[in-house]
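Single-structure report; data block below.
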Amino acid sequence: MSRALARLAAPEFNLALTLNSGQVFHWLPHRNGFVGAIGDAPVYVEQRGDELRTNAKPQFVARYFALDHPLMDIYRTFPNDPTMSEALTFCRGLRIIRQPAWECLATFITSSMKQVAHIAQISHTLRRKFGKRLRLAEIELFAYPTVAALAKTSELELRKCALGYRAKNLLGTARMIANGEVELEKIRAMNDDDARAELCRFPGVGEKIANCVLLFAYERVRAFPIDIWIERVLRETYFARKRKITAKRLREFSQSYFGEFGGYAQQYLFHHARSTRKKGAR
DNA sequence: CTCCAGGTTCCGG
DNA sequence: CCGGAACATGGA
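Start counting the first sequence at 1031; every next residue gets the next number (the numbering used here).
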């Protein structure tokens, strides 16, 4: 495979960090890089310094990994405080990628109250069971199941994939899209608030998951998902020794304090907190 | 065994 | 608007 790899410039980018930061869940280590599907395309990609090598079309890969995002300009908008600075040092080169909307929405519906490792496991199970089989040389890969494919399964069948109570939500969402009740592409034209409200019409989608989808699939880089990790960071860092900080207050603070690239700041804080505080590092 | 994980929804103050 | 409880599953 290595003979046929195309090359593309990828300055200010850290592939491994980006793929392991909890925004996308199906890429697997392979040789010197990773294999995964970008939509229906089987992709191998590896990083050598400031360059990527891939079997796929360079522009296609560059778009997926958002290599056009002005990372240096984005960093300049980050607030200047110790916690944010540490996260930036730790996560430099992490990019918010452009995921297909349906795949991102469906994956985050299965993410509620689940560890990252388990979200990945569910993604692989669903792909293998209901997704299109793809081939990359000797490797077998699977696309995420289409809306139609999941819409015609059953709650029972999905529960067999360890979805638990999320099965009903995933199925209901697939059916709402399959019957035209909500059109994911129409959301692209909406402003952030309308888009968020539209996403919240799906069962199992509340503000947090809607914000993840806005950030990871609709390129709304201001969207600031607040999960338990981020909530801890906010409370401990910016509201230390304060009682009674409501969810509403946290939401308002994060929107104003982190600014126009709040979604980026959020992902850096999230990944840094998770990486440094799980292996007994505290 | 107990605790917790990239939450949402429903219900009673 | 706010706090609690129920909801499934598996890894630590």
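Backbone N, C-alpha and C define an ideal beta-carbon position, used for all residues, glycine too.
- Residue pairing by DSSP puts L1164 in a beta bridge opposite L1171.
- Every unbroken stretch of the alpha helix (DSSP H) spanning 4 or more residues and falling wholly within the stretch 1115 to 1199 is given here in chain order: 1131 to 1139, 1146 to 1160, 1177 to 1181, 1185 to 1189.
- For P1130, same chain residues with a beta-carbon under 6 Å away, outside a window of 5 residues either side, are G1069 in chain order.
- Excluding its 5 nearest sequence neighbours in each direction, F1300 has C-beta neighbours in its own chain below 6 Å: W1259, I1260, listed in chain order.
- Looking from the CA of F1043, the closest CA among F1064, F1095, V1073 belongs to F1095.
- Going by DSSP, L1082 is part of the beta strand (DSSP E) stretching over 1081 to 1084.
- Note that the C-beta distance between A1253 and N1241 is below 9 Å.
- Excluding its 5 nearest sequence neighbours in each direction, F1120 has C-beta neighbours in its own chain below 8 Å: Y1298, H1301, H1302, S1305, T1306, listed in chain order.
- Separation of K1159 and M1206 (C-alpha to C-alpha, rounded to the nearest whole angstrom) is 21 Å.
- Counting only residues of its own chain and dropping the five nearest sequence neighbours on each side, R1250 has a CB closer than 6 Å to the CB of D1222, L1244.
- Relative to the Cα of S1141, the nearest Cα in the group P1255, E1168, R1093, Q1077 belongs to P1255.
- Across the set L1124, Q1089, F1090, the C-alpha of L1124 shows the shortest separation from the C-alpha of Y1105.
- Within the model, the alpha-carbon separation for I1149 versus E1168 is close to 26 Å.
- F1090 sits in a helix when the DSSP states are folded into three classes.
- Under DSSP, R1078 forms a beta bridge with E1081.
- Under the DSSP assignment, H1060 falls in the beta strand (DSSP E) whose first and last residues are 1058 to 1060.
- Looking only at G1063, R1078, A1086, G1079, the smallest Cα-Cα distance to A1071 is reached by A1086.
- Looking only at H1056, E1076, F1055, A1208, the smallest Cα-Cα distance to G1063 is reached by E1076.
- When the alpha-carbon of L1166 is set against those of T1048, A1039, T1084, A1117, the nearest one is in T1084.
- By the neighbour-count criterion, in which a residue is buried when 16 or more other Cβ atoms sit within 10 angstroms of its Cβ, P1175 is buried.
- Taking all protein chains shown into account, C1230 has fewer than 16 neighbouring C-beta atoms within 10 Å of its C-beta and is therefore exposed.
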